[in-house]
Structures are given as C-alpha cells and as structure tokens.
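Chains as they are written, first to last, in this note's numbering: chain S, 14 to 361; chain A, 14 to 361.
From the three backbone atoms N, C-alpha and C, an ideal C-beta is built for every residue, glycine too.
Report on one structure; see the data block that follows.
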C-alpha cells in the first residue's frame, strides 16, 4: 500500500504574490478567478514567476461490470473503441490537447479488450473490466491498492520528464455509476441525488440506473470511514488509478487540473485519504452531469468553465487550460501601476 | 449617416452542420455551448469547415465628461495612461492577445489627451472626451453619426486585411456610467438596477453614482424609440465607434466577439438599429459588473465565461477565444462514429 506524504500549500510567498497582483495595472480583483489561480500556482511552485512546463493530460480508461446492468445507453465495447480513437487522434480530447499544447497520455487501466501493441497506449491493465458491483465488490482490496500505486507511478514518471501541470481525465462506459456511488457513500448524499444521465439516458433509463445503484448501495452497506474500501467496492480501475496519480502529483507539488464528474469523484476519494490535495487542484468545469454541482459544493470549490460539457476524457481540462495560462501570464507579464505610470485611485 | 445592410443568418447549411456535429464521436450535446458555436460559425461562414483567420481585437478608448461628477474612483487621466500602457504592451489585454494569437488594435476614439505620434495608435479622435451628460448631450448627433461611420471604417479595413473574427473591447474612465444609462433607457429597466461598481466604487460611491445617473436620466427624459439619440446623449465616443464597428462586422459576415458590460451596451444599441446583428455575436463572458447579467438576459444570450472578470479592454474576449477555436476545431478535426468504428447507442 503506497503512502502519500502531502504538504500543506506553502504560504511563504502568499503576501508577496498578493502584493504583486495588487500592483498590476487593473482595478483590484478585476481578473476574478484568474487572480486566485495566479496566487495558487505561485504558492504551489514557490515563486513569484510561475511557469507551466510540458502540461500533460493523463486519460485513464477502464471498463465496469455494472455496465452489464443497463446503466448506459452505449455498449461496453465503446470503451475500447474510444481508446483506439484516442490513439488515432480523432477524439475530442485529441483535438483540444493539440490546440492548447498539452501532451496526451492514454492509459489502459483495465479495458475489457486485449489490445495489440498499440502505438502510444500505456499498458497498466488491472483486469478485463471490474466485477459488477451490484452483487460483489468491483475489485479486491489488494488490486485497488495496486491500481493506486500504478497510477502514482505513471504520474511520477511524467513529472520526472519535466511536466509540472497534470490534467486527469478518463474513459469508461459505466463509470458515472461508479462515481455516483462513491459520491453517495463518501458525502452521505442520498444516491438518487448523486445520479445523472451519463452519456445520455432518457427518463426511464435514468430511473432504472437510480434503482440499480440504490440496490448496490443497499447491498454493500458501507459508511464513509474507509475511502479505500469504498473505492474498491464501487470504483473502476481507472478511478483508482486516477486517485493514485492525483495523490502523487500533489505530493510532488504539481498543479493538478480536475475534469468533470468522474474525475471529481476521484479527487473526492483522494481528499478523504489526504485532504490537503485540494490545495493543489484547479477544477476545470462544471459538468452538465446533474450531481456534479453538488459534489463541487461539497468540496467547496468553484470551477472555471460552465458551458454544458459532459464528455469526460479530460476535455474540460484542456479547454480550461488557456485560462490557467492566462493567470500565469498576467502575473508574469503585466506592467505595474508604477512601471506604467498609471495614476492610483483617487481615494487610495 | 451610414446605413448598414445586415442579412439574417443564412441557414442553408444548418441541417448539414447539425448532422455533421451529430456524427462526431461523443454523446449528442456533450460539448455543450461549443456545439452551438460550431453551428453558428458554420452558418456565418457558410461552410461545413469554418476557419478563424487573423482574429483581431479592436480596443476603442475614449473619455467621458461624466467622469468629472465623481462616478469613478480613478481620475480621467487613467484613460490616456492606459492607452500608453496598451501601446507599450503591459496591459492585461496585451498579455491575453499575445497568448491566444489575436492582433490588437488600439483606437483613440476621443481620449482627453493629445498623443504624440504614438507608434501603433490608430487616430480617430472625435474630441477631447465627451460633454458631461448630466446637463447636456454627451455629443452632437452629427458627431455621433461620424463616430459610427469611423468605427465601421476601422472594422472594414481590418476585415479587408483578411480577418474574419473581430473582438470588440474598450477603455474609458466613466464609461460604465454611459453603459448604465444606455441600458436603462433602451431596456426600460430602472437606472438603479443598471448601475454597478465599475472599477471598484464602495457603497457610498455606488449610491452617489446611482444618484447622479438618475438625475441625468430624469434631465434628458428620453424614450427608447431613437437609439441614435440615446447613444448621442449618453454614449462615449468609443461606444459610438464600437456600435459602428459591430454593425460593419456583422454586415460583412464576420464572427463578432463581445466583451463585458460596456461592449454589451454597445451591442444593445446596435441591436436596436439592426436586430439581426445578434446572430453574428458570441458573448465572451458575464462580467462581475452587477447589471451585466440583466442586460445579457434582456438580449437572451448566454456568455461563455463566468469567472468574475470586470476589467474590460476586451480581456473577456481574448480569454474566451480559445473556446471558439475549440468549437471550430472539433467540427473540423474530430472523427465520426463511422470513420472511427465506434458502436452507436444501444437504443439508436
């Protein structure tokens, strides 16, 4: 079992960063959330001149036994097909990563398909999909811990290549069901309020999904005390690996960008293991997946985008990344009132 | 007086664009507002493969007589100082335009300062600031029409250089006061609900600004019938020029990106002249300036960003521009279900 040693966000430069932001040629606070991000990234990197180096998007793919219970309108085969689409460069996340200059890494965390030696796929298969958690834990505890460790190793390897900002995304038919159960048990919000339409269930499909997940929750009778047990019970392989990657990234003081509902469920698990992780996170967007807002509220975080995305893959991260660049850039490049010869407020 | 001949958005390719978007390898609607923008830009450009060419940000700067009445915590001199900051490359809009690859054009629409032959400043001065509209119209009607024509000429010149997307921003101490009055008269919303803190008024300052603007509204007793008269009465030179630039851009079927509260007040005026203009607009962000939400609601538009910006200069446009790029890119670059060999919905 991998232990993670997270530090609280170092605040040594907090006041100096606030002061630097205050002197920029703009009304105070006029850059809104970008100012908070500039401060956060400066504190994470312990510098008044932060930089974003070799940003990388880690997309973990895995299959879910619960998909056999009709919780998604798409067949399980789509997970593997989409992995091949990622590798061919044709998915939304490919387009957006190319646009914003993020390196894309695709990890097979446990897809129910035996890939040939696919160019570019990072092999980390924990199995051919999880067990159906309707009647059994999704994975054994030792497998869960191994997945966390594997995810951590993948993140650390990327950080060792010089990346200091990691986006975390996923692909897995059925994984909103895992995320909903993780949310319900770990936040004590009733499961019905944690369920959404996923890839596009209609009303009957949504009611069916809610019923099935209610049965799963009732069957396992877990409480929030042991996040590892909750993760092993409901989690996908890709979610466990995301938890490990997130914890390792924060441990090594990377900037961590969190995508939508499933990635937020992973950070919820990670925050139950190490609450300090949230200080290293930038939340990319509010997903259209219904329970995401409540989950963000629970974590007391405000994401950058709210444009109706509900695709996963890390697409929200890639689309929000230019805003984080903007935060770093204004901190580094804007003139100060003094250097630009701008008059101060009349009442200042 | 310049007459503008706008066409309604050509819908010939509407169904073909919807179909193309529908075939992309993602659940339907999963890219949220980006899908609507892909459709809109495709219709504007009349193609299934739209492109964004030489995007340009036009920042119009002007001074306002009302600034003498204590409606801003900053002295009027800041307008000219910030223009020099733009020209030196040190303002937020410089940073963000550089980041996203937008060309920045700074226009002196009527700053209360005689600039030397400043490198890069586009001269279009209509006067050394407007008259104080507390007791007189801000400008004569013929000057207002000349400013509209000048703004149109500047936009057309940029379009003739190959730009097909224009962002419209502004700088002018006191111009939230103009925008508030334009909004109140043209939307019939009481002035008190159209006033915000601008560059950062405290409660007393806000109450004083509201009182002064109420007096101005009561003095002029205008109704919404004649948008030109309302514009000449309350508008800044830069706002009149923005109206002209916006109308010319839409006339020539450019994609038009609208910044914050003042730019939205300008598009309100433009929409009273030619309602079809809204079909060519993408609204960049919801400003933290309080009345902006009500103005966006009045126009029935939903902006892309909501991150607490209240800086103007076009900063919201530059920060939102990568999302528009993302919309165009996914339309052009994503694989289709068929080309990628992805299974369709079980119920499809």
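### Task
Decide yes or no for the touch test of the segment 200-211 of chain S against the segment 157-173 of chain S: beta carbon pairs closer than 8 Å, at least 3 of them.
No, because fewer than three Cβ pairs between the segment 200-211 of chain S and the segment 157-173 of chain S fall closer than 8 Å, the two stretches do not touch.
#### Entry: Where residue 319 of chain S meets chain A, residues with beta-carbon distance less than 8 Å
Here the question's residue 319 of chain S lines up with position 306 in the first chain. Here the neighbours are 319.
### Message
Against residue 39 of chain A, what residues of chain S qualify as contacts under a CB-to-CB distance less than 7 Å, listed in chain order?
### Response
Residue numbering aside, residue 39 of chain A sits at position 26 when the second chain is read from its first letter. By Cβ distance, chain S contributes 105, 324.
### Task
Kindly indicate the opening and closing residues of the alpha helix (DSSP H) around residue 164 of chain S.
Within the first chain, residue 164 of chain S is the residue found at index 151, counting from 1. Unbroken alpha helix (DSSP H) run through residue 164 of chain S: 154-173.
### Message
Cutting at 8 Å between CB atoms, please list the residues of its own chain near residue 236 of chain S, excluding the five before and the five after it.
### Response
For the purposes of this step, residue 236 of chain S is taken as the residue at position 223 of the first chain. If we look at residue 236 of chain S and ignore the five residues flanking it on each side, its Cβ neighbours are 198.
### Message
Closest to residue 310 of chain S by C-alpha separation, out of S:112, S:196, S:345, would be which residue?
### Response
By 1-based counting over the first chain, the position of residue 310 of chain S is 297. If we check each option's Cα against that of residue 310 of chain S, S:196 comes out closest.
#### Entry: Per-residue contacts from residue 358 of chain S into chain A (C-beta, under 7 Å)
In the first chain, the residue the question calls residue 358 of chain S occupies position 345. Neighbours of residue 358 of chain S on chain A, chain order: 86, 87.
### Task
Taking 8 Å as the threshold, find out whether the segment 14-29 of chain S comes into contact with the segment 161-169 of chain S through three or more Cβ pairs.
yes
### Task
Could you confirm whether any beta carbon from chain S is found closer than 7 Å to the beta carbon of residue 332 of chain A?
Here residue 332 of chain A refers to the residue found at position 319 when the second chain is read from its first residue. Cβ-Cβ to chain S under 7 Å: yes for residue 332 of chain A.
#### Entry: Residue from S:20, S:31, S:193 with nearest C-alpha to residue 276 of chain S
Position 263 of the first chain, counted from the first residue, corresponds to residue 276 of chain S. Among S:20, S:31, S:193, the Cα nearest to that of residue 276 of chain S belongs to S:193.
#### Entry: Cβ neighbour criterion (16 or more within 10 Å) applied to residue 325 of chain S
Within the first chain, residue 325 of chain S is the residue found at index 312, counting from 1. Under this definition residue 325 of chain S is a buried residue.
### Message
Using a Cβ-Cβ cutoff of less than 8 Å, which residues in the same chain neighbour residue 118 of chain S once the five nearest sequence positions on both sides are dropped?
### Response
For the purposes of this step, residue 118 of chain S is identified with residue 105 of the first chain, where counting begins at 1. Closer than 8 Å at Cβ, skipping near neighbours: 69, 70, 71, 72, 135, 167, 171.
### Task
Mind listing the chain B neighbours of residue 98 of chain A? Cutoff is C-beta to C-beta under 7 Å, in chain order.
As a matter of chain content, chain B is missing from the structure shown, whose protein chains are S and A.
### Task
Would you decide whether residue 103 of chain S is buried or exposed? Buried here means 16 or more other CB atoms lie within 10 Å of its CB.
In the first chain, counting from the first residue as 1, residue 103 of chain S sits at position 90. Buried: at least 16 other Cβ atoms inside 10 Å.
### Query
Is the shortest distance between the beta-carbon of residue 4 of chain A and the beta-carbons of chain S less than 7 Å?
The structure shown does not extend to residue 4 of chain A, since chain A is modelled only from 14 through 361, so no value can be given for it.
### Query
Between the Cα of residue 159 of chain A and the Cα atoms of A:141, A:179, A:137, A:178, which residue gives the shortest distance?
Residue numbering aside, residue 159 of chain A sits at position 146 when the second chain is read from its first letter. Answer by Cα proximity: A:137.
### residue 335 of chain A - containing beta strand (DSSP E), residue span
Position 322 of the second chain holds residue 335 of chain A. Per DSSP, residue 335 of chain A belongs to no beta strand (DSSP E); it is in the alpha helix (DSSP H), 328-346.
### Query
Excluding the five sequence neighbours on either side, which residues of its own chain have a C-beta within less than 7 Å of the C-beta of residue 100 of chain S, listed in chain order?
The residue given as residue 100 of chain S occupies position 87 in the first chain. Counting only Cβ-Cβ distances below 7 Å, and skipping sequence neighbours, we find 119, 131, 132, 133, 134.
### Message
I'd like to know whether the C-beta of residue 304 of chain S is nearer than 7 Å to at least one C-beta of chain A.
### Response
Translated into the one-based positions of the first chain, residue 304 of chain S becomes position 291. Chain A, which has no Cβ nearer than 7 Å to the Cβ of residue 304 of chain S, makes this no.
### Query
When you compare only the Cα positions, how much space is there between residue 223 of chain S and residue 22 of chain S?
Stepping through the first chain from its first residue, residue 223 of chain S is reached at position 210. Stepping through the first chain from its first residue, residue 22 of chain S is reached at position 9. When rounded, the distance between both Cα atoms is 38 Å.
### Message
Is there a C-beta anywhere in chain S that falls below 7 Å from the one on residue 177 of chain A?
### Response
Position 164 of the second chain, counting from 1, holds the residue named residue 177 of chain A. Taking Cβ atoms only, chain S never reaches closer than 7 Å to residue 177 of chain A, which makes this a no.
### Query
In whole angstroms, what separates the C-alpha of residue 286 of chain S from that of residue 45 of chain A?
In the first chain, the residue the question calls residue 286 of chain S occupies position 273. In the second chain, the residue the question calls residue 45 of chain A occupies position 32. Roughly 33 Å between the two C-alpha positions.
### Task
Just mark residue 360 of chain S as buried or exposed, buried being the case when its beta carbon has 16 or more other beta carbons within 10 Å.
If you number the first chain from 1, residue 360 of chain S lands on position 347. Exposed.
### Bridge partners - residue 121 of chain S, DSSP secondary structure assignment
Position 108 of the first chain, counted from the first residue, corresponds to residue 121 of chain S. Under the DSSP definition of a beta bridge, residue 121 of chain S partners with S:74, S:136.
### Query
What residues from the segment 107-133 of chain S come within 8 Å of chain A, judged by C-beta to C-beta, listed N to C?
107, 108, 109, 111, 112, 113
#### Entry: For residue 346 of chain A, the nearest candidate out of S:29, S:105, S:34 (CA to CA)
The residue given as residue 346 of chain A occupies position 333 in the second chain. Of the candidates S:29, S:105, S:34, the one whose C-alpha sits nearest the C-alpha of residue 346 of chain A is S:105.
### Query
Using 7 Å as the limit for Cβ to Cβ distance, is residue 250 of chain A near chain S?
Locating residue 250 of chain A in the second chain gives position 237, counting from the first residue. Chain S contact via Cβ: absent.
### Task
Under 9 Å between beta-carbons, which chain S residues line up against residue 301 of chain A? List them in chain order, please.
For the purposes of this step, residue 301 of chain A is identified with residue 288 of the second chain, where counting begins at 1. 42, 43, 45, listed in chain order.
### Query
Which residue or residues does DSSP assign as beta-bridge partners of residue 298 of chain S?
Position 285 of the first chain, counting from 1, holds the residue named residue 298 of chain S. In DSSP, residue 298 of chain S forms a bridge with S:318.
### Task
Could you run through the segment 210-222 of chain S and flag, in chain order, every residue whose CB is less than 7 Å away from some CB of chain A?
212, 213
#### Entry: Distance, residue 151 of chain A Cα to residue 37 of chain S Cα
Within the first chain, residue 37 of chain S is the residue found at index 24, counting from 1. Within the second chain, residue 151 of chain A is the residue found at index 138, counting from 1. Straight-line Cα distance between these residues: approximately 31 Å.
### Query
What first and last residue would you give for the beta strand (DSSP E) that runs through residue 269 of chain S?
Counting from one through the first chain, the residue named residue 269 of chain S turns up at place 256. Taken as a continuous stretch (DSSP letters only), the beta strand (DSSP E) holding residue 269 of chain S covers 268-271.
### Query
Which of the three DSSP states, helix, strand or coil, is assigned to residue 222 of chain A?
Taking the second chain and counting its residues from 1, one reaches residue 222 of chain A at position 209. Of the three classes helix, strand and coil, the one that applies to residue 222 of chain A here is helix, per DSSP.
### Task
Could you list which residues in chain S have their beta carbon closer than 7 Å to that of residue 339 of chain A, in chain order?
One-based indexing of the second chain puts residue 339 of chain A at position 326. Here the neighbours are 109, 112, 332.
### Query
Does the beta carbon of residue 342 of chain A sit closer than 7 Å to a beta carbon anywhere in chain S?
Taking the first residue of the second chain as position 1, residue 342 of chain A is located at position 329. Interface with chain S (7 Å Cβ-Cβ cutoff): residue 342 of chain A is included.
#### Entry: Cα-Cα separation between residue 145 of chain A and residue 81 of chain A, rounded to whole angstroms
Start at 1 with the first residue of the second chain, and residue 145 of chain A comes out as number 132. Start at 1 with the first residue of the second chain, and residue 81 of chain A comes out as number 68. Going from the Cα of residue 145 of chain A to the Cα of residue 81 of chain A covers about 7 Å.
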